[in-house]
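When you line the sequence shown up against mature numbering (1 follows the signal peptide of the UniProt record, and there is no 0), it's residues -19 to -1, 1 to 302, in that order.
Heads up, the beta-carbon is just placed ideally off N, CA and C, and yes, glycines get one too.
Below is one structure; the comments refer to it alone.
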Amino acid sequence: MKKAVLVFLLVLVSMFVFAQKVTLQIEGPAVPYYIPIYMGIELGYFEEEGLEVDYLFGSASDIIRNVAVGNVEFGFPNGEPVITARAQGIPVNVIHTTYQHGLGSTIFLKESAIETPQDLKGKKVAITAYGSPNYVQLQILLKKNGLSLNDIQLEIVGTEAIVPALVNKRVDAICFSMLRTFELRYQGIEVDEFKSDEFLPSFGNVVVTGDKILNENRDLAVRFTRALSRVMAYLSDPENMKEATVVAIAKYAPTYIGREEYMSDILSEIYAGYLWQSEDTEAFGFGFGNVERWQQTIDIMREYDLITTDVNAADFVVPRL
């Protein structure tokens, strides 16, 4: 018995001592929204899979390029740039659809009398730029409800000014991020929204890797995504999220110190409560990649000339490792 225990301990120790080093590149800056990564490190979930995870930040294009050529093992970009990369022939694969939904939303004041998308007719609707994803989302929202850009007054308002433009009633609605819906409600401002994902399948951050790892070292991808799903399950408990937010902000996103309660609420309600969840995750677990939904996104991007070649989702989206 003692010998068996000793062998087990030796195996356990050797796993930690000889942990495999991997690098994850994340799209964007150091913000609390990447709490599953931070807490996967803090809680030792990656370590228990024999992984020593390092991370760095970058743009989606840099991430995809680095993953494709093997400079980093994994990337965490948004879903749409991955589709664009595949259309350009860049070999990158989605192995964990972490955010089952996108953040796009058309937001309006409740007092505006907007109740359905048809009520946007004749209204001033703001986007940040013609090249923004929200511009496409707005066009699709209008089209699916029998309207077009000709039926609204389109305004271009900068990122910093677009929310104040809504609050100050310079515009009737904005196409932006649902995080602002939460923020405004938190401030006591009554707003409502049309979530873009209700009419346009989209995805936030997803885990990607290159062909070499997927084909020759698949177990590495399995261990990484398994640890990530495990920490997402842990953070789905609001009490765990509350405690984890304090830790994550203090150590990984210190510019948010003093906003722990607010961030905990937004992480529980929007991220754990919505972005990470879907009917697919209920059936198959966190990170499930619905190939059909990915294909719908691809087809819409093709229709609106966001990509110029056909892409087959089944060629790069792994439903579940």
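If you draw a straight line from the C-alpha of residue i to the C-alpha of residue j, how long is it?
{"i": "ASP153", "j": "LYS105", "result": "5 angstroms"}
{"i": "ILE121", "j": "GLY60", "result": "18 angstroms"}
{"i": "THR65", "j": "VAL188", "result": "16 angstroms"}
{"i": "LEU201", "j": "TYR243", "result": "35 angstroms"}
{"i": "LEU256", "j": "LEU195", "result": "25 angstroms"}
{"i": "SER40", "j": "ASN52", "result": "15 angstroms"}
{"i": "GLN1", "j": "GLY191", "result": "17 angstroms"}
{"i": "GLN168", "j": "LEU147", "result": "14 angstroms"}
{"i": "TYR26", "j": "TYR15", "result": "15 angstroms"}
{"i": "LYS102", "j": "PRO145", "result": "22 angstroms"}
{"i": "PHE163", "j": "LYS150", "result": "18 angstroms"}
{"i": "LEU130", "j": "TYR116", "result": "10 angstroms"}
{"i": "ALA(-16)", "j": "ILE22", "result": "Note that ALA(-16) has pLDDT 49, beneath the 50 cutoff, so the model's placement of it is unreliable and no number is given."}
{"i": "GLU54", "j": "VAL63", "result": "15 angstroms"}
{"i": "ALA49", "j": "GLN99", "result": "43 angstroms"}
{"i": "VAL218", "j": "THR289", "result": "It is Asp, not Val, that sits at residue 218 in the sequence shown. Each residue's Cα considered, the two are about 43 angstroms apart."}
{"i": "THR206", "j": "GLU220", "result": "23 angstroms"}
{"i": "THR97", "j": "VAL172", "result": "14 angstroms"}
{"i": "LEU160", "j": "ILE251", "result": "8 angstroms"}
{"i": "PRO10", "j": "TYR19", "result": "13 angstroms"}
{"i": "residue 311", "j": "THR140", "result": "Limits of the chain in this structure are -19 at one end and 302 at the other, which puts residue 311 out of reach."}
{"i": "THR236", "j": "THR109", "result": "25 angstroms"}
{"i": "GLU197", "j": "PHE38", "result": "26 angstroms"}
For the beta strand (DSSP E) holding residue i, just list the boundary residues, first then last.
{"i": "TYR36", "result": "32 to 39"}
{"i": "LEU5", "result": "1 to 8"}
{"i": "ALA154", "result": "154 to 158"}
{"i": "PHE89", "result": "85 to 90"}
{"i": "PHE27", "result": "Premise fails: PHE27 lies in the alpha helix (DSSP H), 26 to 29, not in any beta strand (DSSP E)."}
{"i": "ILE95", "result": "No beta strand (DSSP E) holds ILE95; DSSP gives it neither H nor E."}
{"i": "GLU136", "result": "134 to 137"}
What residue does the alpha helix (DSSP H) around residue i start on, and which one ends it?
{"i": "ASN271", "result": "Note, ASN271: premise wrong, no alpha helix (DSSP H); not H, not E."}
{"i": "GLN120", "result": "114 to 124"}
{"i": "ALA264", "result": "260 to 265"}
{"i": "ALA231", "result": "219 to 233"}
Indicate whether residue i and residue j have their beta-carbon atoms separated by less than 8 angstroms.
{"i": "LEU302", "j": "ILE76", "result": "yes"}
{"i": "LEU181", "j": "MET222", "result": "no"}
{"i": "ASN74", "j": "PHE265", "result": "no"}
{"i": "ALA208", "j": "GLU30", "result": "yes"}
{"i": "GLU28", "j": "ASN186", "result": "no"}
{"i": "ALA107", "j": "ILE133", "result": "no"}
{"i": "ALA68", "j": "VAL299", "result": "no"}
{"i": "ALA294", "j": "ILE279", "result": "yes"}
{"i": "GLN6", "j": "PHE89", "result": "no"}
{"i": "CYS156", "j": "LEU123", "result": "no"}
{"i": "ILE44", "j": "ILE71", "result": "no"}
Mind checking who residue i pairs with in its DSSP beta bridge?
{"i": "GLU174", "result": "ILE88"}
{"i": "HIS186", "result": "In the sequence on display, residue 186 carries Asn and not His. According to DSSP, which records beta bridges pairwise, ASN186 is partnered with ASN59."}
{"i": "GLY191", "result": "VAL73"}
Fill in: contact_flag[the region 80 to 89, the region 223 to 234] where n(CB pairs < 8 angstroms) is 3 or more
no
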